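Accompanying notes for the structure given below.
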Amino acid sequence: MRRLIVGTGAAALALGMGVGTAHAATPAWRVTQTTKLPGDDILSDVTVAPTGSTWAVGKRTVSGKTRPVVQRLSGTTWKDVKLPAGWSMALNVVDASSSKNVWAFSAEEGSVVHWNGKKWTSAKFTGVFRATDAGVVSASNVWAVNGGTTARHWNGKKWASVKLPAHVVTLQAVSAKNIWAAGSIGDKAAVVHYDGRSWKVVKTVALAKPEPDAATVLTGIAVSGKNVWAVGAQSWSCGEDGDDTCYTRLALRLTGTKSKSFVTEKGQAYTKVAADGSGGVWILQGAWDPALVHVTGDTFTSSAAPRPSGHDVNLTALVNRPGTKTVWSVGGSSPEGDPDDPTSDGVYLRTG
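Be aware that the sequence shown starts at 1486, since it is given in the numbering used here, and climbs by one per residue.
Structure follows, in structure tokens:
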């Protein structure tokens, strides 16, 4: 079943799920590199600045000690970036506006680190704040969210707390006056927009609940051409004893004042979304040995993510290189069937 919903006002969104999902994605994805660092390591996030400067962050554990990982794409090879010797936090979020303005965030300690092209500096948030996503507009304009109803904003001198009209998990900063974010309000999906002055909730269609306890959260957002996409899932307790969790994956699309709804499907949640460089998007479905879903128009085409031979992958992020069809995904790679293997490596996947 397919419905077209015409929204009212300048920002109307509708629920979108894969319709007639196919089984072979084009163009193809490939594994380009694994980190091969000593110990156990995983990549948590990847970003490409508007200038093309490409960065990834994560962590590695050697002899029980955690160290941050930062790598930068040099030509076709990802290379380690030297960090201050005393740093011991894992890094889970990164964003950049250029090769001289890179920001990374730690979930464990709420730390913030900044690269200005010459050196790294560290600046903690005031109070406990563990970022889940960030948007870097410039060296004096940085936003970070943590799944709560306040954001942190850097004005070039200090971090300020800013109230949000929803629990915000993810955001994409297009410009200083055009930032999109997503998460939830209560048990309902929420998309919000910042116009340079204030954050406002974008109107979305009401979603029928598969079960009374179902809750909806959006965990990824991307701008692609004239469309804004947000992805996530409805989740509820299921199973004979109610100790399992079932999901309905969700994708929302905004095109000006028009919006569309697609058939829902049960399965692994959609977790991340990125522009494909051609007006469509790529969606990451699941994390452990996930699917990569290509959306063009109303067609959702799905295929299994490639893996290094003899290994499983756990993918955590998805990003488009602006102005191109190149899309990166990162995560971890471990021997097949052994996710706790202490020699796991970070992994890079690419299409385009």
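Just so you know, even glycine gets a beta-carbon here, dropped at the ideal spot from N, CA and C. What you are looking at is a predicted structure, and each value in this text was computed from that prediction instead of being measured.
Would you tell me roughly how many angstroms separate the C-alpha atoms of residue 1712 and residue 1665, rounded to the nearest one?
Within the sequence shown, residue 1712 is the residue found at index 227, counting from 1. Within the sequence shown, residue 1665 is the residue found at index 180, counting from 1. Computed Cα separation, rounded: 12 Å.
Look at the Cβ atom of residue 1797, then the Cβ atom of residue 1826, and state whether they are nearer than 7 Å.
Position 312 of the sequence shown, counted from the first residue, corresponds to residue 1797. Position 341 of the sequence shown, counted from the first residue, corresponds to residue 1826. Cβ distance not < 7 Å, so residue 1797 and residue 1826 don't count as in contact.
Cβ-based burial, residue 1817 [other Cβ within 10 Å; buried from 16]
Residue numbering aside, residue 1817 sits at position 332 when the sequence shown is read from its first letter. Result: buried.
Quick one: Cα of residue 1804 to Cα of residue 1567, how far?
Working through the sequence shown from its first residue, we reach residue 1804 at position 319. Working through the sequence shown from its first residue, we reach residue 1567 at position 82. Using only the alpha carbons, I get a separation of about 23 Å.
Span separating the alpha-carbon of residue 1809 from that of residue 1641:
Taking the sequence shown and counting its residues from 1, the one referred to as residue 1809 is at position 324. Taking the sequence shown and counting its residues from 1, the one referred to as residue 1641 is at position 156. One C-alpha to the other measures close to 30 Å.
From what residue to what residue does the beta strand (DSSP E) around residue 1610 run?
Here residue 1610 refers to the residue found at position 125 of the sequence shown. First-last for residue 1610: undefined, no H or E at that position.
Who are the Cβ neighbours of residue 1821 in its own chain at under 7 Å, not counting the five residues just before and after it?
Position 336 of the sequence shown, counting from 1, holds the residue named residue 1821. For residue 1821, where only same-chain residues beyond five positions count, the Cβ hits under 7 Å are 1795, 1796, 1797.
Which residue marks the beginning of the beta strand (DSSP E) containing residue 1767, and which one marks its end?
Working through the sequence shown from its first residue, we reach residue 1767 at position 282. Where residue 1767 is concerned, the enclosing beta strand (DSSP E) stretches over 1766–1770.
In this structure, does DSSP put residue 1532 in helix, strand or coil?
As a working note, residue 1532 is residue 47 in the sequence shown. Correct three-state label for residue 1532: strand.
Span separating the alpha-carbon of residue 1591 from that of residue 1599:
Walking along the sequence shown from the start, residue 1591 turns up at place 106. Walking along the sequence shown from the start, residue 1599 turns up at place 114. Computed Cα separation, rounded: 12 Å.
Which of the three DSSP states, helix, strand or coil, is assigned to residue 1510?
Reading the sequence shown from its first residue, position 25 is the one you call residue 1510. Confidence at residue 1510 is low in this model, with a pLDDT of 40, below 50, so the placement of that residue should be treated as unreliable; the coordinate-derived value is given next. Residue 1510 falls in the coil class under three-state DSSP.
Taking the alpha-carbon positions, what's the residue 1790 to residue 1534 distance?
Within the sequence shown, residue 1790 is the residue found at index 305, counting from 1. Within the sequence shown, residue 1534 is the residue found at index 49, counting from 1. Those two C-alpha atoms are separated by around 25 Å.
Segments assigned beta strand (DSSP E), at least 3 residues, entirely inside the segment 1574–1651
1578–1583, 1586–1590, 1597–1600, 1605–1607, 1618–1623, 1626–1630, 1635–1639, 1644–1648
So, residue 1636 versus residue 1647, is the Cβ gap smaller than 7 Å?
For the purposes of this step, residue 1636 is taken as residue 151 along the sequence shown, with counting starting at 1. For the purposes of this step, residue 1647 is taken as residue 162 along the sequence shown, with counting starting at 1. Yes, the pair counts as a contact, with Cβ atoms nearer than the cut-off.
Touching or not, the segment 1578–1590 and the segment 1535–1549, by the rule of three or more beta carbon pairs under 8 Å?
yes
Residue 1631 vs residue 1617 beta-carbon contact at 7 Å
What you label residue 1631 is simply residue 146 of the sequence shown in a count that begins at 1. What you label residue 1617 is simply residue 132 of the sequence shown in a count that begins at 1. Yes, the Cβ-Cβ distance between residue 1631 and residue 1617 is below 7 Å.
Whole angstroms are fine: how far does the CA of residue 1524 sit from the CA of residue 1551?
Here the question's residue 1551 lines up with position 66 in the sequence shown. Here the question's residue 1524 lines up with position 39 in the sequence shown. Spanning the two alpha carbons is a distance of roughly 10 Å.
Between residue 1753 and residue 1693, what straight-line distance do the alpha-carbon atoms span, to the nearest angstrom?
By one-based count along the sequence shown, residue 1753 stands at place 268. By one-based count along the sequence shown, residue 1693 stands at place 208. One C-alpha to the other measures close to 19 Å.
Go ahead and pull the three-state DSSP assignment for residue 1798.
As a working mapping, residue 1798 is identified with position 313 in the sequence shown. DSSP places residue 1798 in strand when its eight states are reduced to three.
Using three-state DSSP, classify residue 1753 as helix, strand or coil.
On the sequence shown, position 268 is the one that residue 1753 refers to. Here residue 1753 sits in coil by DSSP.
Evaluate residue 1645 with the Cβ neighbour count: other Cβ atoms within 10 Å of its Cβ, from every protein chain shown; 16 or more gives buried, anything less gives exposed.
The residue labelled residue 1645 in the question sits at position 160 within the sequence shown. Exposed, since its Cβ has fewer than 16 Cβ neighbours within 10 Å.
Decide if residue 1509 is buried, meaning its Cβ has at least 16 other Cβ atoms within 10 Å, or exposed.
Along the sequence shown, one-based indexing puts residue 1509 at 24. Model confidence at residue 1509 stands at a pLDDT of 44, short of 50, so the residue's coordinates are unreliable; what they give is reported in the following sentence. In the assembly as shown, residue 1509 is an exposed residue. Its beta-carbon has fewer than 16 other beta-carbons within 10 Å.
At the level of alpha carbons, what is the spacing between residue 1695 and residue 1718?
Within the sequence shown, numbered from 1, the residue matching residue 1695 stands at position 210. Within the sequence shown, numbered from 1, the residue matching residue 1718 stands at position 233. Those two C-alpha atoms are separated by around 12 Å.
Here's a check: name, in chain order, each residue in its chain whose Cβ is nearer than 6 Å to the Cβ of residue 1672, leaving out the five neighbours to either side.
Residue 1672 sits at position 187 when you count from the first residue of the sequence shown. Cβ neighbours of residue 1672 beyond the five flanking positions: 1700.
CB-CB under 6 Å to residue 1801, same chain, minus the five flanking residues each way: which ones, in chain order?
Counting from 1 along the sequence shown, the entry for residue 1801 is found at position 316. These residues qualify, in order along the chain: 1529, 1816.
Test item: CB-CB of residue 1676 and residue 1687 under 7 Å
Stepping through the sequence shown from its first residue, residue 1676 is reached at position 191. Stepping through the sequence shown from its first residue, residue 1687 is reached at position 202. Result yes, Cβ atoms of residue 1676 and residue 1687 sit closer than 7 Å.
For residue 1748, name the three-state secondary structure that DSSP assigns.
Residue 1748 sits at position 263 when you count from the first residue of the sequence shown. Caution is warranted here: a pLDDT of 46 is assigned to residue 1748, below 50, making its placement in the model unreliable, and the coordinate value is therefore given only provisionally. Coil, per DSSP.
Out of curiosity, what's the CA-to-CA distance linking residue 1682 and residue 1662?
The residue you call residue 1682 lines up with position 197 of the sequence shown. The residue you call residue 1662 lines up with position 177 of the sequence shown. The straight-line gap from Cα to Cα measures roughly 8 Å.
Residue 1720 beta carbon less than 7 Å from that of residue 1704
Counting from 1 along the sequence shown, the entry for residue 1704 is found at position 219. Counting from 1 along the sequence shown, the entry for residue 1720 is found at position 235. Result no, Cβ atoms of residue 1704 and residue 1720 do not sit closer than 7 Å.
For residue 1760 and residue 1768, the rounded distance between their alpha carbons:
Counting from one through the sequence shown, the residue named residue 1768 turns up at place 283. Counting from one through the sequence shown, the residue named residue 1760 turns up at place 275. So the alpha carbons of these two residues sit roughly 9 Å apart.
Compute the Euclidean distance between the alpha carbons of residue 1830 and residue 1615, then round it to the nearest angstrom.
If you number the sequence shown from 1, residue 1830 lands on position 345. If you number the sequence shown from 1, residue 1615 lands on position 130. Computed Cα separation, rounded: 24 Å.
Taking DSSP's pairing of strands, which residues face residue 1653 in a bridge?
Taking the sequence shown and counting its residues from 1, the one referred to as residue 1653 is at position 168. DSSP, once it has assigned bridges, lists 1668 as partnering residue 1653.
Given 6 Å as the limit, tell me if residue 1522 has its C-beta closer than that to any heavy atom belonging to the ligand MG.
For the ligand MG, the structure offers nothing, since it holds no ligand at all.
Can you pull the DSSP bridge partners for residue 1522?
In the sequence shown, the residue the question calls residue 1522 occupies position 37. None; residue 1522 has no bridge partner.
Can you list, in chain order, the residues of its chain whose CB lies under 8 Å from that of residue 1670, leaving out five sequence neighbours each side?
As a working mapping, residue 1670 is identified with position 185 in the sequence shown. If the five residues before and after residue 1670 are omitted, its C-beta is found closer than 8 Å to the C-beta atoms of 1650, 1651, 1652, 1686, all from its own chain and listed in chain order.
Ignore the nearest five residues each way along the sequence and tell me which others in residue 1771's own chain have a CB closer than 6 Å to its CB.
As a first step, residue 1771 must be located in the sequence shown, where it is residue number 286. Excluding positions up to five away in sequence, the list reads 1753.
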